[in-house]
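Residue numbers for the sequence shown follow numbering that gives the first Met the number 0, beginning at 0 and rising by one.
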Amino acid sequence: MSKKTHTTHKGLLAIVWIAMMLYGTINVLLAFFMKGIVDSTTDKNMDLFLWSAAATLLLVAFEFLMGNASRYLLQLYCKRNLLSQKICRYRNALCANAPDRTDLSAFSTDIELLYSNYYVNVALMACYMSQLVLSAVGIIYLNWKIAVIVLITTILPFVIPMLFSKKLQASTENYKQSADSYLSFVQDSLSGMQEIRTYRAFSFFLKKHDLRNEKTEQQRLKNQMWISFSNTFSSFVSTLSFVAILVYCGYLTLKGQTTIGALIAVIQLMNTVIGPVVQISGAVGQIQATKKLVRNAAEETPSEEQTFQKQVSEVKLEDVSFSYDGQQPVLKNLSLHLRHGRHYAITGESGVGKSTLAKVLSGALEGYTGHLQILDTDGELLSADELPYHIQYVSQEPYLFKLSAKENVYLGKTDPADHWQGQMKNLSMDCFLDEDSGELSNRDRISGGQKQRLVIARALSHKTDVLILDEPTANLDKATAYKVMKYILSSQCGMILVITHDTSSEILSLFDEVIQLK
C-alpha cells in the first residue's frame, strides 16, 4: 500500500504565471507610453503630452501593485511546494528501511537549492517569456530592421546554458555531496559527545571538523563561482548586443528613418528582451541542475497506516544461532516454543545472548542461522513486513522525544479517560500526573528509572501481540520493580517476554515460565 505525498500545485502555478505575464506586459507597455511622452514633446502637442504623462503614471502605479501581488503569489507557490517537499521527505525518512541513515541535508541544503534554483525560476519563467515575446513584437511594430538585429544578437545568450549546464550541474552536485558529508559528520560527532568528553578527543574531532568545513565551503565557493561566471558571461554578451543595437538605432534616427520617441521605446524594449534572455539562460541551467532533487522527492512512499488482521499464535525457534561479525556465537543452537497468552522471563549471565535473542525475535537483527517461525492463529507464517505491527521491542536504551511526557507515551494516540493518571500511579510516576508537564527537554534531567517507566507506559499504551522488554526494571528499587513488573504482566498483550537480571523468587513467580540461557 502506498500513497502519493508530493504535489506540484499546478493550479497555483498557473495563477502565478498569469500574474507574472501581466507584470511583464506592463513593463512592455511602459515603453510605448514613454514613446508617447517624447514624441508629444517633440511635436509640441500639449494634449497628447498630458494624456501620455497621466497614463504613464497610472501604469507605473499599477506596475508597483502588480509587482507586489505577483511576488506574493510566487512566494506562496514556493511555500506550498517546499511544505510538500519536506512532508514527503520526512515521510520517506520515517518509512525508510534504514532510519538511522536519515540524511538531514534533505531538509536543509536540498530545500534551499530547490527554493532558489528551481521553484523561483519556474515561477519567474512566465514573466521572462511574456516580456521577451511582447518586447520582440513591439520592436517589430516599431521597426522591422531593428527587430532583425535584435533577433540575431539575442540568440547568442541562449547558447550559454549549453556551454555551462554540465559544469553547473556537476558543481552543484559536488557542493551537495560535500554539504551532506559535513552535516553527517556534525550529526554523528554531536551524537557521540559523551564519548568525546570521556576520552578527551576534542582536538581530534575539531581537526576533522575544520577539514570537512573547509572542503564544504570550498565547494560552495566553486559552485557560486560557476554560477557567477555563467551569469557574468551572459551579461557580457547581452551588453555587447545592447551596444550594437543602440548604435544601429542611433544611425536610423540620424538618417530620419525613425523618431527619438521610437528610439527610446526600442531602448526600453531592448531591456525587456535582453534582460529576460539573460534570466532565462541562467534559470534554465539552474533548473536542470536541481531537477533531480524534485524528482527524488516526488516518488511514492509506503504508508505507515497499514493494518493487519492476523494475530500471533506462537513463536518457534529451532537451532537458532547468531554471531556478530563472524565471531564466537552469542546464541548457539537455541530452540524455543513460545505461545500466545503466556508470560516468559528470560534470564542468564551477562553475555549469554539475552538481548540478542530479543533483537532476533523482533526482527531487529538478521543473519541468524536455523529456523525462526512466527505463526498466526491459522498456522500461517507472518511476513517480515507484518512483524513491526505485531511485535514491540523495548530496548535498554529507549528514546524519548522533545515532547511532554504524555505525548511521549501516546505518540498522537487518543487515550481513554483517566488512563494517564492510572498508568502513572501504577508505575509510581506521580511526578508526571500533570498532563501539561511541559517538554522533557525543558525539565530537570529525568532519571534512568523514570525514562524506563515512561517507555514501558508507551509500550503498554500501544497494544501488540508480542511485547519484548529488555531489563525494564534495571534502575528501580526492589519494591518499585515488583509493582512495575506486576503492572506489565497485567496488560492485555498476547505474549510477553521480559529479559531480567532479577532472579528473586518474588519476581520470577509472576511469570508462567522462566527460560534460562546458558
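Beta carbons are placed, not taken as given, at the ideal position from N, Cα and C, and that holds for glycine.
Taking C-alpha atoms, which residue in 24, 431 and 223 lies nearest to residue 137?
Selected option, being the one with the closest Cα: 24.
Please say whether residue 248 and residue 265 have beta carbons closer to each other than 8 angstroms?
Contact: yes.
Three-way DSSP call (helix, strand, coil) for residue 372 in this model
Residue state, collapsed to three classes: strand.
Going by alpha carbons, who is nearest to residue 455 out of 446, 472 and 464?
Closest by alpha carbon: 472.
Best match in 231, 376, 401 and 219 for proximity to residue 111 [C-alpha to C-alpha]:
It is 219.
For residue 121, the residue or residues it bridges with in DSSP
The partner list for residue 121 (beta bridge, DSSP) is empty, contrary to what the question assumes.
Could you name the residues of the same chain whose beta carbon sits closer than 7 angstroms to that of residue 329, not counting the 5 residues immediately before and after it, in chain order?
Excluding residues within five positions, the ones whose Cβ falls inside 7 angstroms are 321, 322, 323, 352 and 355.
Counted within 10 angstroms of its Cβ, other Cβ atoms place residue 225 as buried (16 or more) or exposed:
With 16 or more other Cβ atoms inside 10 Å of its own Cβ, residue 225 counts as buried.
Span of the alpha helix (DSSP H) holding residue 452?
Looking at the DSSP string, the run of the alpha helix (DSSP H) that includes residue 452 is 447-460.
With a 10 Å radius around its C-beta and 16 neighbouring C-beta atoms as the bar for buried, classify residue 45 as buried or exposed.
Residue 45 is exposed by the Cβ-count criterion.
Please state whether DSSP places residue 288 in a helix, a strand or coil.
Looking at residue 288 - three-state DSSP - the assignment turns out to be helix.
Runs of beta strand (DSSP E) lying entirely within the segment 199-252, each at least 3 residues, in chain order
None, since the segment 199-252 contains no complete beta strand (DSSP E) of that length.
Helix, strand or coil at residue 1 [DSSP, three-state]:
Confidence at residue 1 is low in this model, with a pLDDT of 43, below 50, so the placement of that residue should be treated as unreliable; the coordinate-derived value is given next. Residue state, collapsed to three classes: strand.
Using 10 angstroms around the beta-carbon of residue 192, count the other beta-carbons present and answer buried if the total reaches 16, otherwise exposed.
That one is exposed.
Beta strand (DSSP E) containing residue 318: first to last residue?
Its beta strand (DSSP E) spans residues 311-321.
If we call anything under 8 angstroms between Cβ atoms a contact, is residue 494 one with residue 359?
Contact: no.
Hey, residue 392 and residue 344: beta-carbon distance below 8 angstroms or not?
The criterion of a C-beta distance shorter than 8 angstroms is not satisfied by residue 392 and residue 344.
Taking 8 angstroms as the threshold, find out whether the segment 118-128 comes into contact with the segment 182-191 through three or more Cβ pairs.
Of all C-beta pairs linking the segment 118-128 to the segment 182-191, fewer than three are shorter than 8 angstroms, placing the two stretches out of contact.
Are the segment 375-393 and the segment 463-471 in contact at 8 angstroms, needing three or more beta carbon pairs?
Yes, the segment 375-393 is in contact with the segment 463-471.
Quick one: complete beta strand (DSSP E) runs, 3+ long, within the segment 325-387?
Segments of the beta strand (DSSP E) lying fully in the segment 325-387: 330-338, 342-347 and 368-375.
Indicate whether the contact test is met: 3 or more Cβ pairs, each with one atom in the segment 47-59 and one in the segment 161-179, closer than 8 angstroms.
Contact between the segment 47-59 and the segment 161-179 is absent, because fewer than three Cβ pairs lie under 8 angstroms.
DSSP three-state label for residue 187, please.
Residue 187 sits in a helix when the DSSP states are folded into three classes.
Would you kindly work out how many angstroms separate the C-alpha atoms of residue 203 and residue 182, rounded to a whole number?
The alpha-carbon atoms of residue 203 and residue 182 are separated by roughly 17 angstroms.
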